[in-house]
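Trainee: Take this structure, written in structure tokens, and hold onto it; I'll ask about it next.
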Amino acid sequence: MKVRLKVWRQKNDRTAGSFEHYDTPDLNPNMSFLEMLDVVNEVLTEKGADPIAFDHDCREGICGTCSLTINGKPHGPHRGVATCQTYMRSFRDGDTITVEPFRADPFPVMRDLIVNRAAFDKIMQSGGFISVRTGAAPDANTIPISKEVADLAMDAAACIGCGACVAACKNASAMLFVSAKASQLNLLPQGKPEKDRRVLAMVQAMDEAGFGNCTNQYECSAVCPKLISEDFIARMNRDYMAATFRQTFGSVPSTVVGG
Amino acid sequence: MNFDAKIPSGPLPQKWDRYLTEAKLVSPNNKRKYELIVVGAGLAGASAAASLGELGYKVKCFVFHDSPRRAHSIAAQGGINAAKNYQNDGDSVERLFYDTIKGGDFRSREANVYRLAQVSVKIIDQCVAQGVPFAREYGGLLANRSFGGAQVARTFYARGQTGQQLLLGAYSALSRQVGLGTVAMHTYEEMLDLVVVDGHAKGIITRNLVSGEIACHAADAVILATGGYGNVFNLSTYARGSNATAIWRAYRRGACFSNPCFTQIHPTCIPVSGDYQSKLTLMSESLRNDGRIWVPKNVGEKRAPGDIPESERDYYLERMYPSYGNLAPRDISSRAAKRVCDEGRGVGESGLGVYLDFSDAINRLGLDTIRERYGNLFDIYKEITDENAYEVPMRIFPAVHYTMGGLWVDYNLMSNVPGLFVLGEANFSDHGANRLGASALMQGLADGYFVIPYTIGNYLTGIKGGRPAVDHADFRRTEEEVRARLKRLLENKGKRTVQSFHKELGKIMWDHCGMGRNEEGLKKAIELIPQLRAEFWENVTVPGSGEELNQSLERAGRVADFLELGELMCRDALDRRESCGGHFREEFQTEDGEALRNDEDYGFVSCWEHQGDDKAPVRHREPLDYEHIQMAVRNYK
Chain V
1 MKVRLKVWRQ KNDRTAGSFE HYDTPDLNPN MSFLEMLDVV NEVLTEKGAD
51 PIAFDHDCRE GICGTCSLTI NGKPHGPHRG VATCQTYMRS FRDGDTITVE
101 PFRADPFPVM RDLIVNRAAF DKIMQSGGFI SVRTGAAPDA NTIPISKEVA
151 DLAMDAAACI GCGACVAACK NASAMLFVSA KASQLNLLPQ GKPEKDRRVL
201 AMVQAMDEAG FGNCTNQYEC SAVCPKLISE DFIARMNRDY MAATFRQTFG
251 SVPSTVVGG
Chain E
1 MNFDAKIPSG PLPQKWDRYL TEAKLVSPNN KRKYELIVVG AGLAGASAAA
51 SLGELGYKVK CFVFHDSPRR AHSIAAQGGI NAAKNYQNDG DSVERLFYDT
101 IKGGDFRSRE ANVYRLAQVS VKIIDQCVAQ GVPFAREYGG LLANRSFGGA
151 QVARTFYARG QTGQQLLLGA YSALSRQVGL GTVAMHTYEE MLDLVVVDGH
201 AKGIITRNLV SGEIACHAAD AVILATGGYG NVFNLSTYAR GSNATAIWRA
251 YRRGACFSNP CFTQIHPTCI PVSGDYQSKL TLMSESLRND GRIWVPKNVG
301 EKRAPGDIPE SERDYYLERM YPSYGNLAPR DISSRAAKRV CDEGRGVGES
351 GLGVYLDFSD AINRLGLDTI RERYGNLFDI YKEITDENAY EVPMRIFPAV
401 HYTMGGLWVD YNLMSNVPGL FVLGEANFSD HGANRLGASA LMQGLADGYF
451 VIPYTIGNYL TGIKGGRPAV DHADFRRTEE EVRARLKRLL ENKGKRTVQS
501 FHKELGKIMW DHCGMGRNEE GLKKAIELIP QLRAEFWENV TVPGSGEELN
551 QSLERAGRVA DFLELGELMC RDALDRRESC GGHFREEFQT EDGEALRNDE
601 DYGFVSCWEH QGDDKAPVRH REPLDYEHIQ MAVRNYK
């Protein structure tokens, strides 16, 4: 099979970009989408042209490095699958495929299809942790955690931090990401003592990074390669409201940034 | 050269406690005067940077990724071992220690492995306190499963994503320290060289992968936690970006490289489908708890697996190793798969595959139980192969997965270059000639959380002179060498792509230094690799410039280093005239095809010292003196 690619090319974050067209050589339908780009890049390199820059690393759907908006959809056609595990058999011979970076204001394009997602790290640094000193932990079985709670925390923890949720949202909201991270920790007994501080700090950091608000359309969950549920957004909103209430009445310190 | 491991005296179970009692401490108000560099933020790097920052040191942490949460520790699926004995099945520190030493085929250092087993229990406590959502039983206590090379269930897990959850735990601890300002995070910044001043590691040279800026960073000590070098084979289960540049550059600056030929070939990976392939995907070893491995008894069998009757199937691991069966260690399982495929009984189009069959387990436990235990792995398999493993058996084949070798370190995890510490997969210390499943995560976190915070103080209290300025002559010289190398790559303008060289090197390595090795093949590889390297420097083409985001340039530097490292691996494999663990020399095997170790002549750690580009490296040795246990023939039958 062969396909035609319409790819976003952009030199850096200071210059404007545009679409370029490339016809691929003959492809094997069992190639992954990224392997297809590897093959196109080999051809470009041999011609002395600049290969297409794209983010990737583990190529097994867990590191969250790969991005790409394929035919308008972050991570391409399949539900619950990252770009790196999308295979060419999902497309037809002769298709034109549009490939763009994850577009959102807080994710500047660094080159071609690569965006900078450092804003996610900033949010995590504001409160996405449990403050436990190395070596100070009690025995792991000291606090039993019901299987249901542990499983729900694990559902939230499955987030790979790719940013597809933000790219899919018309408001560039990071609510699905932030709520997954906050909910994982807020659900567990170990995370409860810092629950209010955590949710206040993370929401504040999210707003400061320029992410938009959630307007309950749930495109985020629809494109999430780990199918993180939008229920976590509701959970975080509840936690946030309760924390704001307690803060207003003085039981939570007003400074919340940092550990 | 003297490779004194500086192991504390006294009986093995008391060595680490004795060390902790006697180690010199840096007082709290002095800690902030010391600056430390941590390169890498996988399990070992992130846990080290977080713990050291928390102690009060000024830490700079470098990753080439966009975020410290991306390192390939994240892809570990199955679990992490710890001697908790929560299952009441007879586990203990001593047993975990012995299993690990035996699993490593008696080529690791007793004292290091014992310490690893001791601190394993604290790791689980730490991770649970951080909010790592390990699997639990209905009563709310932690669940366990068993893994290869052990007869107890000591593996803790978080679905099939244990590495991800542990890394995110370490990342959260690191994020906390970054937020507090004790750790400065340098993302998109790749270490390209080590700076050694008066014999001590005092800094690194980095390139910013976005701007191309070259920078010098000085420190009181440098900690490398940059992972393994399995991508020398091109096709492996490693992430595409995993590379050996940091440890290789350190080797070229004087750090010795130990046991480079000890590579692990994992038995359960999805077979190769075509020559465009960029990576191999692992199917967790935990699948072997319930899956049964088999091939047809007949050579050239063409029937679909479901049409082959029981009587014509060979469950070869259960047949050859009845007491461990499908849970035989990785090296043994991989070689057994190779053997049946070499006999012409392999399955799939290429004949390079064996079946991993869940039909018995589904009949016994029900589809729902299997789905709950392994659902995400079955999904991955479906995505890649378009086959439903609930209905047809998986096809699997061994692939390069881990490297036990690495930079030589002593008991303090310090290399022979004072001030250069090496943690996790990047060092050689704990897994001998073969690593057991669920032990890599254990080692990474043990080194980062529970070893380096104590051992680094011991070094820092003994040094004099402080940090050099970054305009010190040694920094200037090293920086110039880095710049010259990048310039040479960019100005070469040859005809072949970087990837084409990587592929060719990978083929040489797999053919001659893979699952089976022999003198003739290794000698051939030692001829071929320098030729390929020479062609690389004459004929490689790297488009673009150095002052921009240039992925071709990044890859070119890494492949150039693999082209040197591959040769060293072959030299080590040729030098080690025995079979042990993952190193199988075809000339040295028992009558029934098992590895034939030679403790008398090869009961040592090889330590290779770089001699310059034109000279062969020199092999030194650290003898392995076993005081606590006796080296024994490794038997899983």
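Protein chains in written order, with our numbering: chain V, 1 to 259; chain E, 1 to 637.
Cβ atoms here follow ideal geometry from the backbone N, Cα and C, with glycine treated the same way.
To test your reading of the DSSP string, which unbroken alpha helix (DSSP H) runs of 4 or more residues are found completely within the region 310 to 354 of chain E?
Mentor: 316 to 320 and 330 to 342
Trainee: Between the C-alpha atoms of valine 641(E) and tryptophan 608(E), what's the straight-line distance to the nearest angstrom?
Mentor: With chain E covering only 1 through 637, there is no way to say anything about residue 641(E).
Trainee: Where does lysine 487(E) sit, in a helix, a strand or coil, going by DSSP?
Mentor: helix
Trainee: Please say whether leucine 327(E) and serine 146(E) have beta carbons closer to each other than 8 Å?
Mentor: yes
Trainee: Which residue's Cα is closest to the Cα of isoleucine 145(V): Gly140(E), Met191(E) and Ser359(E)?
Mentor: Gly140(E)
Trainee: Please classify arginine 319(E) as buried or exposed, where buried requires at least 16 neighbouring CB atoms within 10 angstroms.
Mentor: Exposed, since its Cβ has fewer than 16 Cβ neighbours within 10 Å.
Trainee: Which residue from Ala119(V), Ser32(V) and Arg9(V) puts its Cα closest to that of alanine 172(V)?
Mentor: Ala119(V)
Trainee: Nearest to arginine 517(E) by alpha carbon, out of Gln589(E), Leu624(E), Thr541(E) and Phe450(E)?
Mentor: Gln589(E)
Trainee: For valine 392(E), return the contacting residues in chain V, with the cut-off set at a CB-CB distance below 9 Å.
Mentor: Neighbours of valine 392(E) across chain V, judged by C-beta separation under 9 Å, do not exist; the nearest C-beta is about 17 Å away.
Trainee: When you compare only the Cα positions, how much space is there between arginine 117(V) and glutamate 100(V)?
Mentor: 15 Å
Trainee: Using the three-state DSSP reduction, which class does leucine 549(E) fall into: helix, strand or coil?
Mentor: In the structure shown, leucine 549(E) sits in coil (DSSP, three-state: anything other than H, G, I, E or B).
Trainee: DSSP on glutamate 190(E), reduced to helix/strand/coil?
Mentor: strand
Trainee: Going by beta carbon distance, what residues of the same chain come within less than 6 Å of valine 256(V), once the five residues before and after it are set aside?
Mentor: Per-residue confidence for valine 256(V) stands at a pLDDT of 48, beneath the threshold of 50, marking its modelled position as unreliable; no derived number is given.
Trainee: Does proline 28(E) have its Cβ less than 8 Å from a Cβ in chain V?
Mentor: no
Trainee: Taking 8 Å as the CB-CB cut-off, is arginine 111(V) touching chain E?
Mentor: Taking Cβ atoms only, chain E reaches closer than 8 Å to arginine 111(V), which makes this a yes.
Trainee: What residue does the beta strand (DSSP E) around threonine 541(E) start on, and which one ends it?
Mentor: Counting along the chain, threonine 541(E) sits inside no beta strand (DSSP E), nor does DSSP assign it H or E at all.
Trainee: Going by C-alpha distance, which of Trp16(E), Ala135(E), Lys31(E) and Arg69(E) is nearest leucine 116(E)?
Mentor: Put simply, of Trp16(E), Ala135(E), Lys31(E) and Arg69(E) the residue whose alpha carbon is nearest the alpha carbon of leucine 116(E) is Trp16(E).
Trainee: On the DSSP letters alone, give me the boundaries of the alpha helix (DSSP H) that arginine 364(E) sits inside.
Mentor: 359 to 365
Trainee: DSSP three-state call for alanine 153(V): helix, strand or coil?
Mentor: Residue state, collapsed to three classes: helix.
Trainee: Below 7 Å on C-beta distance, what does threonine 281(E) contact in chain V?
Mentor: Glu60
Trainee: Only counting the same chain, and skipping five residues up and downstream in sequence, which positions put a Cβ closer than 7 Å to that of valine 115(V)?
Mentor: Ser67, Pro101, Phe102, Phe107, Pro108 and Val109
Trainee: Thinking C-beta only, is proline 617(E) closer than 8 Å to histidine 628(E)?
Mentor: Not in contact: histidine 628(E) and proline 617(E) (Cβ atoms no closer than 8 Å).
Trainee: Just mark serine 73(E) as buried or exposed, buried being the case when its beta carbon has 16 or more other beta carbons within 10 Å.
Mentor: buried
Trainee: Do the CB positions of tyrosine 315(E) and isoleucine 293(E) come within less than 8 Å of each other?
Mentor: yes
Trainee: Going along the chain, which residues of its own chain have a beta-carbon closer than 8 Å to the beta-carbon of phenylalanine 245(V), five neighbours each way excluded?
Mentor: none
Trainee: Going by DSSP, which residues form a beta bridge with serine 258(E)?
Mentor: Gly406(E) and Cys607(E)
Trainee: With DSSP collapsed to three states, give me the class of asparagine 376(E).
Mentor: helix
Trainee: Could you give the DSSP three-state label for lysine 84(E): helix, strand or coil?
Mentor: coil
Trainee: Using a Cβ cut-off of 7 Å, which residues of the region 519 to 548 of chain E contact any Cβ in chain V, in chain order?
Mentor: Thr541, Pro543, Gly544 and Glu548
Trainee: Evaluate contact between the region 244 to 263 of chain E and the region 592 to 609 of chain E, counting only Cβ atoms and requiring at least three cross-stretch pairs below 8 Å.
Mentor: Look at the beta carbons and you see the region 244 to 263 of chain E touching the region 592 to 609 of chain E: at least three pairs across the two are nearer than 8 Å.
Trainee: Determine the burial state of proline 68(E): buried for a count of at least 16 other Cβ atoms within 10 Å of its Cβ, exposed for fewer.
Mentor: buried
Trainee: In chain E, which residues lie less than 8 Å from isoleucine 130(V) when you measure between Cβ atoms?
Mentor: Ala129, Gln130, Gly131 and Ser172
Trainee: In chain E, which residues lie with their C-beta within 8 Å of the C-beta of proline 51(V)?
Mentor: Pro543, Gln551 and Ser552
Trainee: Let me see if you follow: with CB-CB separation under 8 Å, is proline 309(E) close to chain V or not?
Mentor: no
Trainee: Any beta carbon from chain E within less than 8 Å of glutamine 10(V)'s own beta carbon?
Mentor: By this cut-off, glutamine 10(V) is not an interface position.
Trainee: For the alpha helix (DSSP H) containing proline 28(E), list its first residue and its last residue.
Mentor: Unbroken alpha helix (DSSP H) run through proline 28(E): 28 to 31.
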